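Below is one structure, written out as structure tokens, with a few remarks after it.
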Amino acid sequence: MSLKHQIIENFDPNGVSAHQGIFGLPFDEETAELIIIPVPWEVTVSYTAGTAGGPKAILEASPQVDLFQSDIKDAWKMGIHMLPIPENIAEKSSDYRVLASNYINWLENGSQEIDRERFVAVPDLINKVCSEMNDWVYEQAKKYREKGKLVALVGGDHSTPLGLMKAISEGHNSFGILQIDAHADLRIAFENFKYSHASIAFNALKIPQISKLVQVGIRDYCESESIMAKENNRIVTFYDSDIKEDMYEGKAWKIICDDIVEELPNEVYITIDIDGFDPKLCPNTGTPVSGGFELEQILFLIKQVVKSGKKIIGFDLVEVAPGSAGDEWDGNVGARLLYRMSNLYGASQGKLNLK
């Protein structure tokens with residue numbers, strides 16, 4: 001009997017778990033099929049901080065998630081393991097966040113000449129540490145992919161998954177990205193930060209294997225991003241306002257999902273910014289925007305991707321931010337989304353059976 005089989009035999013998915021792992025599951029990096037990389041990073045956030053606490057908030061709330069999935073039998077048996085939250089990454093994020101925040105305030109106050117010498121070197125410093133973070137994520141993802149593991153990521157802000165995207169690109173000739181988000185994230189070096197959270201989609205498109213970027217729920221974007229989306233034939237955007245107008249006129253969500261899925265290539269990476277949802281589900285995220293989706297709407301969309309036969313090759317969940325002490329709501333929603341996404345990823349990869 002294998003070690004994993006022994007673990008499964010001795011675990012009660014209906015009981016109270018004493019295990020400290022994600023979702024109270026008993027698996028480690030050897031016995032889990034899916035490895036989740038936590039990245040507590042938010043150096044370039046431009047509005048409200050807090051997303052660096054996302055991995056911890058999700059981990060702490062995760063034991064409240066029941067493991068049963070009515071359409072995926074014994075989903076928990078696949079095995080999910082979140083790596084330890086890297087304190088060195090969190091500390092570096094905190095240190096450089098102060099520097100970036102002061103620089104952003106200087107920009108917003110008119111870039112006063114009197115302080116130019118103080119701030120002129122800041123973008124290069126921030127770009128360097130963000131590049132190092134991306135390299136760390138890439139190395140972690142590459143290591144576990146070489147071991148045959150499925151890999152996902154939990155941020156942190158939306159700059160964090162670029163290294164995972166790059167690692168995944170090395171194993172695929174061509175794939176698409178499905179982006180759930182309130183923001184287009186197509187800005188070029190926003191606020192002079194090359195790896196800004198507002199530039200992740202622009203940076204991802206530099207990866208040559210990415211043949212298509214399908215954005216869903218976009219509702220807060222600038223004119224240059226709108227122009228880029230129109231002029232770049234690799235980008236297809238389903239704006240939140242257009243989706244809502246279609247629904248108000250009677251178009252079913254299932255039909256809209258079919259339209260979205262049709263735009264995707266056969267292999268798909270999914271990036272989910274929690275602010276793509278209605279802010280009632282993520283009130284503490286860094287850049288909330290009115291509008292957005294219910295949780296079940298997006299999970300239905302992802303299920304349609306799987307049922308279509310298109311393969312999910314990786315995913316991330318970013319921008320979850322904890323509330324005040326004792327407020328686990330954002331972490332709770334994030335944990336439920338992460339568990340379901342993990343299972344749909346596993347089903348897409350043939351590790352689980354989806355009804």
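Everything in the sequence shown is counted per full-length UniProt numbering, starting at 1 for the first residue and increasing by one.
Ideal placement from N, C-alpha and C gives every residue a C-beta, glycine not left out.
Bear in mind the structure is a predicted one, so any value in this text is a computation, not a measurement.
With respect to the 9 angstroms criterion, T287 and D275 are classified as neighbours on the basis of their beta carbons.
With fewer than 16 other Cβ atoms inside 10 Å of its own Cβ, S70 counts as exposed. The C-beta of H5 has fewer than 16 other C-beta atoms within 10 Å across all chains shown, which makes the residue exposed. S131 and C222 have their C-alpha atoms some 25 angstroms from each other. Note that the C-beta distance between I180 and I298 is below 9 angstroms. Within the stretch 205–243, the complete alpha helix (DSSP H) segments at least 4 residues long are 223–231, listed from N- to C-terminus. For D95, the enclosing alpha helix (DSSP H) starts and ends at 87–108. When the five nearest sequence neighbours on each side are left out, the beta carbons in the same chain lying within less than 6 angstroms of the beta carbon of A184 are those of I218, Y221, E225, in order along the chain.
Shortest Cα-Cα distance from G323 to any of V16, T48, N14 involves T48. Contact between L317 and L344 does not hold, since their C-beta atoms are separated by about 12 angstroms, which reaches or exceeds 8 angstroms. The residues P13, L25, L67, in chain order, have a CB closer than 7 angstroms to that of W76 in the same chain once the five nearest residues on each side in sequence are set aside.
The residues I36, F315, in chain order, have a CB closer than 6 angstroms to that of A152 in the same chain once the five nearest residues on each side in sequence are set aside. One alpha carbon belongs to E170, the other to E328, and they sit about 37 angstroms apart.
Nearest to V129 by alpha-carbon distance, out of L164, E139, K92, E113, is K92.
Boundaries for G176: no alpha helix (DSSP H) harbours it, while the beta strand (DSSP E) harbouring it runs 175–180, taken from the DSSP string. The C-beta separation of G292 from I58 comes to about 19 angstroms, leaving the pair out of contact by the 8 angstroms criterion. Taking 9 angstroms as the cut-off, the beta carbon of G53 is found no closer than this to the beta carbon of A325. Around Y96, the same chain offers V43, L125, I126, V129 as residues with beta carbons nearer than 8 angstroms, after the five sequence neighbours per side are excluded. Put simply, the backbone Cα of I272 is about 12 angstroms away from that of I200. Just so you know, the alpha carbons of I8 and I207 end up roughly 39 angstroms apart. Under DSSP, H197 forms no beta bridge with any residue. Between the beta-carbon of L264 and that of V305 there is about 7 angstroms, and that keeps the pair under the 8 angstroms contact cut. Taken through DSSP and simplified to helix, strand or coil, K254 comes out as helix.
Spanning the alpha carbons of Y239 and K251 requires a straight line of approximately 15 angstroms. Per DSSP, reduced to three states, the secondary structure at L3 is helical. P84 counts as exposed, since fewer than 16 other C-beta atoms from the protein chains shown sit within 10 angstroms of its C-beta.
The stretch 137–170 contains, as complete alpha helix (DSSP H) runs of 4+ residues, the segments 162–169 (chain order).
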